[in-house]
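Heads up, the thing below is written out as structure tokens.
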Amino acid sequence: MKSQVIEISPKTIFITIAILFGLFVAWQIKGILLSLVIAYILMSGFAPLVDWFEKEGVNKTVAVLATFILIISVLGLLIFAVIPPLIVQTRELILSLPQYIDSLDRFVQTKNGLPNITIDDITQFLTQRIDKALTNVLSVILNVFTGFLTFITVAVFSFYLLLERDKIKQNLFIFFPHLSKERVYRLGHKIEEKLGAWLRGQVTLMLLVGAATWLGLTILGIKYALPLAVVAGILEIVPIIGPIISAVPAIIIAFVQNPVLVIAVIILYVVVQQVENYLLVPKVMERAVGLSPLIIIFALLVGGSLLGIIGALLAVPVTAIIQVILEDFHDHPTKS
18 MKSQVIEISP KTIFITIAIL FGLFVAWQIK GILLSLVIAY ILMSGFAPLV DWFEKEGVNK
78 TVAVLATFIL IISVLGLLIF AVIPPLIVQT RELILSLPQY IDSLDRFVQT KNGLPNITID
138 DITQFLTQRI DKALTNVLSV ILNVFTGFLT FITVAVFSFY LLLERDKIKQ NLFIFFPHLS
198 KERVYRLGHK IEEKLGAWLR GQVTLMLLVG AATWLGLTIL GIKYALPLAV VAGILEIVPI
258 IGPIISAVPA IIIAFVQNPV LVIAVIILYV VVQQVENYLL VPKVMERAVG LSPLIIIFAL
318 LVGGSLLGII GALLAVPVTA IIQVILEDFH DHPTKS
């Protein structure tokens, strides 16, 4: 049997090596690339406000600055609206700690299945855990500092992307040389609109989850409902584990306040999460990015299965981008 010789051209070898090298470099700077992706999404969300300022006759640079100042001002007002009651409620919690410890002691002593456990045992256990946590203070401080630098980096990226977004869309044709500049510009504009709509939809979800959590905790009579609701709203953007993390402090506070309330708090967080996952997310994102609820749920499941939390977080915007590209190629089949 005559053997078949497979010839590989130097061009194919060069392209393969270039792709592998590009993937290697991308992996090495994945943190920077992720910051750039987040900045681009933020830019897409802020773009309509910049456009509005420009329509009012404001210079582009001034429009971008005004947009950032306005957004920072709104965030500042929200923070100052939450901090005073948060300080008051935290002070109340500290002053109530002795009462909570006594209640916990009585609860432990009344449990027949735990006759040998005393409040001293619990105190010793907590002390050991606190000592261990204190040894990691430097690591925590470093992580906070790194997070702050990342935030600044994303903000700077977003600022310059807003300034240069028209040039960026015009230069996208470099990656699609077989398409016209006008078509690539239109495609980039549609992608920007989809990402901006997704970001605004995500903010809407955060507000809805925070409001629902605050209302539920208030009805149940759980103390510190406002800061707990703020935490729930912020962590809504973190798929899968965000709601779980936000529920932990609420469960602890419910336990020391009245152990009977623990079940009610767990049910509240489970209900809010299920309503969010299967009703709010599909409906809000359907209106925001134009995807059907079934596709959104499927995208979330696939993204979570492939890349975990990051995959679930980026599932909807990536699916929206794919939809834009497919629709464009469907509308222009002869030019593809």
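Using our numbering, the letters of the sequence shown map in sequence onto residues 18 to 353. Just so you know, even glycine gets a beta-carbon here, dropped at the ideal spot from N, CA and C. Note that the structure is a prediction, hence the values are computed from the model and not measured.
In the DSSP assignment, I55 falls within the alpha helix (DSSP H) that extends over K47 to K72. Membership of I314 in the alpha helix (DSSP H) is indicated by the continuous run P310 to D348. By the neighbour-count criterion, in which a residue is buried when 16 or more other Cβ atoms sit within 10 angstroms of its Cβ, K184 is exposed. With respect to the C-alpha of I270, the residue from I258, I283 and P260 having the closest C-alpha is I283.
Cβ neighbours of I55 within its own chain (closer than 6 Å, five residues either side excluded): V171. Separation of V226 and Q274 (C-alpha to C-alpha, rounded to the nearest whole angstrom) is 23 Å. Shown here for I208: same chain residues with a beta carbon closer than 7 Å to its own, the five before and five after excluded, namely I338 and V341 in chain order. The way I'd put it, the region 168-182 does touch the region 61-80; three or more beta-carbon pairs between them come closer than 8 Å. Closest option to L166, judged by alpha-carbon separation, among T33, G48, G320 and I104: G48. Here I312 is near T336, since their CB atoms are less than 8 Å apart. For A249 against T230, the beta-carbon gap comes to about 4 Å, under 8 Å, which counts as contact. With 16 or more other Cβ atoms inside 10 Å of its own Cβ, L222 counts as buried. The criterion of a C-beta distance shorter than 8 Å is satisfied by V306 and V333. Per DSSP, the continuous alpha helix (DSSP H) segment holding I284 begins and ends at L278 to V292. With a threshold of 16 other beta carbon atoms within 10 Å, I258 falls short and is exposed.
Contact annotation: I326 and V255 have beta-carbon atoms nearer than 8 Å. Look at E210 here: in three-state DSSP terms it is helix. The beta carbons of G321 and L216 sit about 20 Å from each other, so the pair does not count as a contact at 8 Å. For L252, the uninterrupted alpha helix (DSSP H) run begins and ends at A242 to L252, by DSSP.
Annotation: the continuous alpha helix (DSSP H) that includes V298 extends over V298 to V306.
For G218, the secondary structure class from DSSP, reduced to helix, strand or coil, is helix. Here F176 is not near F70, since their CB atoms are 8 Å or more apart. Shown here, S90 sits in a helix according to DSSP, grouped into three states. When only Cα atoms are considered, V105 and K198 end up about 58 Å apart. Taking a C-beta distance under 8 Å as the contact criterion, P260 and Q219 do not qualify as a contact pair. Of all alpha-carbon atoms in I100, R203 and L59, the one lying nearest the alpha-carbon of E344 is that of R203.
In the three-state reduction of the DSSP assignment, V226 falls in the helix class, which pools H, G and I.
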